[in-house]
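J.: Read in order, the letters of the sequence shown are residues 1 to 231 in the numbering used here. Let me begin by handing over the structure; questions about it come next.
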Amino acid sequence: MKKKFFTLIELMVVIVVMIILITMSIAAYRTLITGRIVDASAKSVGSRILMARQLASGKHRYVAVLLPGFHTGMQTEKAYSAFNAAYVTYDSGANTYTFDRFVEGSQWRYTMVGCRIMEADDDQGIQNSTAALYPKAPVDDNISVVDNVDLSALGLGTTVDSVRALIFNGAGRVKGDTRYVTIGECNFLGPGKWKVTGVDSLEKNKSCANQITLEVNRFSGSMRYIYPLDY
Numbered sequence: 001m002k003k004k005f006f007t008l009i010e011l012m013v014v015i016v017v018m019i020i021l022i023t024m025s026i027a028a029y030r031t032l033i034t035g036r037i038v039d040a041s042a043k044s045v046g047s048r049i050l051m052a053r054q055l056a057s058g059k060h061r062y063v064a065v066l067l068p069g070f071h072t073g074m075q076t077e078k079a080y081s082a083f084n085a086a087y088v089t090y091d092s093g094a095n096t097y098t099f100d101r102f103v104e105g106s107q108w109r110y111t112m113v114g115c116r117i118m119e120a121d122d123d124q125g126i127q128n129s130t131a132a133l134y135p136k137a138p139v140d141d142n143i144s145v146v147d148n149v150d151l152s153a154l155g156l157g158t159t160v161d162s163v164r165a166l167i168f169n170g171a172g173r174v175k176g177d178t179r180y181v182t183i184g185e186c187n188f189l190g191p192g193k194w195k196v197t198g199v200d201s202l203e204k205n206k207s208c209a210n211q212i213t214l215e216v217n218r219f220s221g222s223m224r225y226i227y228p229l230d231y
């Protein structure tokens, strides 16, 4: 029997099909990996929030989870990425919070490369309450801040003011309204410059399609994970 060889056209069809399958596999793999990066970062930030709440109620002290955005002189890779826990003092007359010291044994941690703590305010997802249409870049509306913070480990000074934070009082309750800490797939390139991955224009309160919001209840201090489908 005479052997039958593949024609050039048949070989080309096989190669094209293989390229399509490989491309689809790479895209699926990338989506899986980035999803895990956001999920892992959200869990890391969430564990620090839970620890701060337990410490606040256990020691009857004000404890803040510091979530610094961008401050002049800060390296962009650390902005909106670093987080740490610290004791703070509340001045009821001025309604301000001042840094005391970091929590025992704590250190600065960072979200994984490719995602940031995009917002830490009083609305779900990425929203701007003053705009008719919500922007794709994050906008912190009503937030809590701590003054006189030691950010020397982040390349800044030891008395930095207006550092974004989530604050618990001595009863383990959130100061201010219920807080929503949103971790999303993106990169911060500089003041006002964000590279949002997988931009989603279907929902007004979504910026990147791949994001997780941590809702911290104002009264109970309890936390739950919210996904874009729940917004």
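Think of the CB as a built atom: it goes at the ideal place given N, C-alpha and C, for glycine as much as any other residue. This structure is a prediction, so every number in the text was calculated from the model and none was measured.
Throw me the rounded Cβ distance for the leucine 166 and alanine 137 pair, which I believe falls under 8 Å.
T.: Locating residue 166 in the sequence shown gives position 166, counting from the first residue. Locating residue 137 in the sequence shown gives position 137, counting from the first residue. 21 Å between Cβ atoms; not a contact.
J.: For valine 146, which of Lys193, Tyr110, Val196, Val63 has the nearest alpha-carbon?
T.: The residue you call residue 146 lines up with position 146 of the sequence shown. Taking only the C-alpha atoms, the option nearest valine 146 is Val63.
J.: Go ahead and label leucine 156 buried or exposed: buried means 16 or more other beta carbons lie within 10 angstroms of its beta carbon, across all protein chains shown.
T.: Start at 1 with the first residue of the sequence shown, and residue 156 comes out as number 156. Leucine 156 is buried by the Cβ-count criterion.
J.: Closest to tyrosine 87 by CA distance: which of Ile20, Lys43, Arg53 is it?
T.: Indexing the sequence shown from 1 puts residue 87 at position 87. Checked all of Ile20, Lys43, Arg53; the closest Cα to tyrosine 87 is Arg53.
J.: Using the three-state DSSP reduction, which class does methionine 51 fall into: helix, strand or coil?
T.: Looking up residue 51 in the sequence shown gives position 51. Methionine 51 falls in the helix class under three-state DSSP.
J.: Using a Cβ-Cβ cutoff of less than 7 Å, which residues in the same chain neighbour tyrosine 90 once the five nearest sequence positions on both sides are dropped?
T.: As a position in the sequence shown, residue 90 is number 90, starting the count at 1. Contacts found: Tyr62, Tyr97.
J.: What are the partner residues of glutamate 119, as DSSP defines its beta bridges?
T.: Here residue 119 refers to the residue found at position 119 when the sequence shown is read from its first residue. For glutamate 119, which the question treats as bridged, DSSP gives the partners Thr182.
J.: For the beta strand (DSSP E) that contains asparagine 84, what are its first and last residues?
T.: Reading the sequence shown from its first residue, position 84 is the one you call residue 84. Element bounds for asparagine 84: 82-91.
J.: Quick test of your reading: aspartate 177 and asparagine 142, contact by CB under 8 Å. State the CB separation rounded to the nearest angstrom.
T.: Along the sequence shown, read from residue 1 onward, the residue named residue 177 stands at position 177. Along the sequence shown, read from residue 1 onward, the residue named residue 142 stands at position 142. Yes, they are in contact, since the Cβ atoms of aspartate 177 and asparagine 142 sit about 7 Å apart, within 8 Å.
J.: Where does leucine 156 sit, in a helix, a strand or coil, going by DSSP?
T.: Residue 156 sits at position 156 when you count from the first residue of the sequence shown. Three-state result, leucine 156: coil.
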